[in-house]
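J.: In our numbering, the protein residues as written are 573 to 966.
Even for Gly, the Cβ is constructed at its ideal location relative to N, Cα and C.
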Amino acid sequence: MRLEATVKSQAIRLGAHLVGITSKDLLADGPPSADPSYLLSSAKSVISFAVSLNGEFARDFISKKSWRPHCEDRKAIGQTLYEIGDKLVQHLRAEGYDAINVDLNNNYRPEDAATDVTEMTEFHPEFSHRYAALAAGIGRLGWSGNLLTREYGALVELGSVITSAVLIPDAPIPDAEHPCDKCKMCSLVCPVEMVQPRSSSQVTVAGVTETISQKRPNTCCWIGCTGYEGLASSGTWSNWSPYRLDHPLPENKQELDALCTRLQKADPQMQGTDNSFNDYRQAIFDPDWFYYTVCGFCRTVCSPSREERRANHKLIIKSGTAALKMDGTHIVATQDASEVATPFNLKVVVQEGEVLNEHNRKSQWPGQFPLDREVIKYLRTRATPKDINGETNE
Ligand code: SF4
Ligand code: SF4
C-alpha cells in the first residue's frame, strides 16, 4: 500500500472522521502561519485530520441545557487528536522520515512587544490547522473564518502532522461545493460582535481564495471566548460566561488590546505556571483538568444545513444568560441574579440569595477553573450584602 493510503487508513482507524494531505508547495501562497517549515525545516507534506464533536452535547451547550458534556467532549476529542498525530509520527519516523505532531492549541508565534501570552494581541498560531485542512480538501473557510466541512459543518476539531515525506496531495474542495452559504448566523451569535456581518476580507491558501468576515481585532474574540465578557449587546442572552465588562467594548484596536492585556494580567489562571497556555498537551491529558469552554458559538451554530443553523440560532438567543453558582458550576440566571464587582477588573453575575447564604462559609472550594475559584473565595469572604445587592465595591 502507498504511504498516503497507509497514513490515511491509520488515522481513520484511530478515530479521525476526515483526513487529507497537502504539501508545503501548495501552502506557499498562504499567510505566514500556513508555512509548515516554521516548525519542521525539512517539511514537504502535511497530513490534516478532523474529529467531529458530539452534536447533541453541542446543542445542549448552546441552549444552556447543560454545560459540562460539551466541555468534556472537547477534552476527549483533544486526546484522540493527539493520539492520532502521535501514531502517525511514529509510523513516518519508522519509515525514515522526519515528522512532528503539531500542538492542538495555544501555541502562538512570538510577538515583539509581548513578554508572555498575557501581553499578546495578535495570536498567530505557529502553524494553522485550518489552512492545512482547507488545502488538504477537508473543508473550506466559512464566513466566520472557521473550517467548515460538508459532513459536519464547523463542528470539528482539527489536528496536523508535518513530515519530510513527499506525499501526493489531495485537492481542495471546489467552489461549487463550498459548504458556507453566507447565512451569517455566525455573526448573529457572537456576543462580542467579532464576526462582522457585512465587511469582508480575503485569504488565499493553496490557490483557493476565501471571502470571509472582516473580523474585529483578535483580542475581541479572546475577551469573548475566554469569557471576560459573555453578554450580547441585546442584554437578553450570553454565552456560558457569567462575567461582564462595561458595554460596549472599545471599537479602537489599541484600547481593545490594552483592555485584553489588563484582564489577562488580573486573571488568576494566568498566574500559575501549569496552565494550558504553557502546555496544552499536558492539560488535555491531565485527568483533573477541566476543559473550561464558554463560547465558540460562531462554530457551534454552524451545522451543515441552513434549517439546523436557524434552529441553533434560535436556541442561543432564547437560552438566557449565565450566572456563577457558589459550587463553581455555571447556570442560567434567574430574576434575582445581580452583577457584583470583583478584584479582577470584571463583574460577575450571581444569584443573590445563594451568595448571601454562602457568604460566611470558609471552606475551600474544590472548583475547576482558577478565575471562578478565586471569585467564589472572594464572594464568600470579602463581598458584603451591600455588594451583592447591586452596589459596587472598590
Ligand atoms: S453560520 Fe452560515 S455564514 Fe457563518 S460560516 Fe456557517 S454557513 Fe457560513
Ligand atoms: S468564539 Fe465566541 S467570541 Fe470568539 S468569535 Fe466565536 S462567537 Fe465570537
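#1: So the beta strand (DSSP E) phenylalanine 621 belongs to, where does it begin and stop?
#2: Does the Cβ-Cβ distance between alanine 615 and lysine 596 come in under 7 Å?
#3: Using DSSP's beta-bridge definition, name the partner residues of asparagine 850.
#4: Work out the CA separation of arginine 878 and asparagine 679 for me, nearest whole Å.
#5: Would you mind stating whether valine 618 and threonine 594 have Cβ atoms separated by less than 7 Å?
#6: Go ahead and pull the three-state DSSP assignment for serine 910.
#7: Under the three-state reduction of DSSP, which class applies to isoleucine 903: helix, strand or coil?
#8: Have a look at asparagine 626 and aspartate 645 and give me their C-alpha separation to the nearest angstrom.
#9: Am I right that threonine 693 and cysteine 832 are in contact with their C-beta atoms under 8 Å? What's the rounded C-beta distance?
#10: How about cysteine 971 and valine 767: are their beta carbons less than 7 Å apart?
#11: What span of residues does the beta strand (DSSP E) with glutamate 782 cover, start to end?
#12: Short check: CB of alanine 685 to CB of glycine 802, under 7 Å?
#13: Three or more C-beta pairs closer than 8 Å, one from the segment 879-898 and one from the segment 918-928: is that the case here?
#14: On the DSSP letters alone, give me the boundaries of the alpha helix (DSSP H) that isoleucine 740 sits inside.
#15: Is it right to say threonine 906 is buried, meaning 16 or more other beta carbons lie within 10 angstroms of its own, or is it exposed?
#16: Considering only residues of the segment 693-757, which uninterrupted beta strand (DSSP E) runs meet the minimum length of 3 residues and lie entirely inside it, listed in chain order?
#17: What three-state label does DSSP hand glutamine 940 in the structure shown?
#18: Taking only heavy atoms of ligand 2 into account, decide whether any of them is closer than 6 Å to the Cβ of phenylalanine 633.
#19: In this structure, how does DSSP classify arginine 816 when only helix, strand and coil are distinguished?
#20: Going by the beta-carbon positions, is the gap between serine 620 and alanine 726 smaller than 7 Å?
#21: Please go through the same chain and pick out, in chain order, the residues whose beta-carbon is closer than 6 Å to the beta-carbon of serine 771, but skip the five residues on each side of it.
T.: By the coordinates alone:
#1: Translated into positions along the sequence shown, residue 621 becomes position 49. From DSSP, the beta strand (DSSP E) with phenylalanine 621 extends over 617-624.
#2: Your numbering for residue 615 matches position 43 in the sequence shown. Your numbering for residue 596 matches position 24 in the sequence shown. Contact: yes.
#3: As a first step, residue 850 must be located in the sequence shown, where it is residue number 278. According to DSSP, which records beta bridges pairwise, asparagine 850 is partnered with nothing at all.
#4: Taking the sequence shown and counting its residues from 1, the one referred to as residue 679 is at position 107. Taking the sequence shown and counting its residues from 1, the one referred to as residue 878 is at position 306. Going by the C-alpha atoms only, they are around 33 Å apart.
#5: The residue you call residue 618 lines up with position 46 of the sequence shown. The residue you call residue 594 lines up with position 22 of the sequence shown. Against a cut-off of 7 Å, the Cβ pair of threonine 594 and valine 618 comes out as a contact.
#6: By one-based count along the sequence shown, residue 910 stands at place 338. DSSP places serine 910 in strand when its eight states are reduced to three.
#7: Translated into the one-based positions of the sequence shown, residue 903 becomes position 331. Here isoleucine 903 sits in strand by DSSP.
#8: Position 54 of the sequence shown, counted from the start, is the residue given in the question as residue 626. Position 73 of the sequence shown, counted from the start, is the residue given in the question as residue 645. Looking at the backbone, the Cα of asparagine 626 and that of aspartate 645 are separated by about 7 Å.
#9: Locating residue 693 in the sequence shown gives position 121, counting from the first residue. Locating residue 832 in the sequence shown gives position 260, counting from the first residue. That pair is a contact at about 7 Å.
#10: Residue 971 is absent from the model: the chain starts at 573 and stops at 966.
#11: As a position in the sequence shown, residue 782 is number 210, starting the count at 1. Here the beta strand (DSSP E) through glutamate 782 covers 780-785.
#12: Taking the first residue of the sequence shown as position 1, residue 685 is located at position 113. Taking the first residue of the sequence shown as position 1, residue 802 is located at position 230. Not closer than 7 Å, so no.
#13: yes
#14: On the sequence shown, residue 740 is found 168 positions in, with the first residue counted as 1. No alpha helix (DSSP H) contains isoleucine 740, which DSSP labels as neither H nor E.
#15: Position 334 of the sequence shown, counted from the start, is the residue given in the question as residue 906. With fewer than 16 Cβ atoms within 10 Å of its Cβ, threonine 906 is classed as exposed.
#16: 728-735
#17: Counting from 1 along the sequence shown, the entry for residue 940 is found at position 368. Coil, per DSSP.
#18: Counting from 1 along the sequence shown, the entry for residue 633 is found at position 61. No.
#19: Reading the sequence shown from its first residue, position 244 is the one you call residue 816. Note: arginine 816 maps to strand in three-state DSSP.
#20: What you label residue 620 is simply residue 48 of the sequence shown in a count that begins at 1. What you label residue 726 is simply residue 154 of the sequence shown in a count that begins at 1. No, the pair does not count as a contact, with Cβ atoms beyond the cut-off.
#21: Residue 771 sits at position 199 when you count from the first residue of the sequence shown. Once the five neighbours on either side are set aside, the close Cβ partners of serine 771 are Gln786.
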